[in-house]
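In our numbering, the protein residues as written are 27 to 342.
Virtual Cβ for every residue (Gly too), placed ideally from N, Cα, C.
Note that the coordinates shown come from a computational prediction; the quantities given were computed from them, not determined experimentally.
Here is the structure we will look at, set down as structure tokens.
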Amino acid sequence: MSGEFQRIRQWFLPLAQPAANPPAVLSNGDDALAVRTDETLVMSVDSAVEGTHFLASAAPQDIATKALRAALSDLAAMGARPWFYTLALTVPDHLPDAWWSAFSAALLAENHHWSFPCLGGDTTRGPCLVVTVQVQGLCARPLTRSGGEPGDHVWVTDTLGGSAAGLQHMLAGEALTDSLAEAFYRPSLPLKLMQRLNPRLNAAIDVSDGLGADLSHLLAASECGARVDLTQLPLAPELISAYGREKALAMALSGGEDYCTCFTARPDQAEEIHRAAAELGTPVTRIGELTAEPGLQLHDNQTPYQPDWKGYDHFG
Ligand code: ADP
Ligand code: MG
């Protein structure tokens, strides 16, 4: 037991940096933390499970970074500013101190990168590693999946398919290139852009299960359809040359874990969207528009597109 306290003191209590803004009433180390805010509090929790979300052999810094960013991605999609997170860990017995040191150092680097301290958590023993991150953010008005209107432009940030390509490489036992490792472990997250654009947008969702599935969730919530032009999809670099166009499109539409954001806005917002994206250095691409007619219609150069890969049915 004393070993566990020692571990918490050494590796996790120091993660209450940088100071939360607004500051916590009571930070980490007591039975609970306490905070106060006048803004709307936006919360989301995500678990990363060994064998499901990452391989047991993955480097501790990669597991830490991806678990945190996957959770933060939901705050990006809500147009919220990251405030603080809590961290629940289920830990197998065999992990050495060097592993914890690297895990903790990677989280601390993330904390400073996003101004996002860890203000509490829980540590328990278990048969495999599970990293659960609960994120808290603030905003005036959370963006939702349900606000889309027919005629809205549909946009997506960053690029699609890179994470799926990274996974494919790893499963085939191949080393990851730098850009695939970035896409798989360190998605860039459009947090600043989504906060800036929040008042101008109608609906948003983060792309965690593949654009096809996630856009379909937005369409269901907004009670409308969409027409998407596949020639406009921002495919990750080298995706087509490595896999061919059909497979590249499949990875972009159904691959998952890209952690970019898909959002919709009235056409008269397009200029401001491009301006904010250019100022903040976050790529945005207009990929289609919302329609009154339900369902997701994919078009490839004006021709209706019928993918021949599995997963399409799930688009609903
Ligand atoms: P309790 O028995 O009240 O749950 P714990 O022994 O679990 O307390 O935790 C002691 C303190 O250490 C708490 O303030 C808790 O927030 C913090 N803590 C425990 N595990 C973690 C963790 N993985 N990350 C951050 N803080 C942690
Ligand atoms: Mg506890």
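Give the secondary structure of Y338 by DSSP, where H, G and I count as helix, E and B as strand, and everything else as coil. Note that Y338 has pLDDT 43, beneath the 50 cutoff, so the model's placement of it is unreliable and the number below is only indicative. Helix at Y338.
CB-CB length for T185 against T308, believed under 8 Å: Incorrect: roughly 11 Å between the Cβ atoms, too far for contact.
Rounded straight-line distance, which links the Cα of T112 to that of D72: 11 Å
State the Cα-Cα distance for the pair S214 and E297, rounded to the nearest angstrom. 23 Å
Which residue or residues does DSSP assign as beta-bridge partners of Q160? V71 and T112
Is the closest heavy atom of ligand 1 to the C-beta of C144 under 7 Å? yes
Between A58, Q328, L94 and T66, which has its C-alpha nearest H407's C-alpha? The structure shown does not extend to residue 407, since the chain spans only 27 to 342, so no value can be given for it.
Hey, is F38 close to ligand 1, as in C-beta under 7 Å from one of its heavy atoms? yes
If you run the structure through DSSP and keep just helix, strand and coil, what is A198? coil
Are there any heavy atoms of ligand 1 lying less than 7 Å away from the beta-carbon of G55, as far as the coordinates show? yes
Straight-line CA distance for T287 to A230? 7 Å
L94: CB within 7 Å of a non-hydrogen atom of ligand 1: no
Specify the secondary structure class of H79 as computed by DSSP and reduced to three states. coil
Determine the closest residue to L115 out of E76, H325 and E272, with distance taken between C-alpha atoms. E76
Would you mind stating whether A97 and S70 have Cβ atoms separated by less than 8 Å? yes
Between the alpha carbons of A201 and T66, how many angstroms are there, rounded? 43 Å
Is the segment 215-230 touching the segment 261-276, taking contact as three or more C-beta pairs under 8 Å? no
Who are the near neighbours of V51 in its chain, counting only those whose CB is closer than 7 Å to its CB and skipping five residues on each side? A60, V61 and R62
Just verifying my parser: in three-state terms, what is the DSSP assignment at P330? strand
Touch test, the segment 32-41 against the segment 142-154, Cβ-Cβ under 8 Å, three pairs minimum: yes
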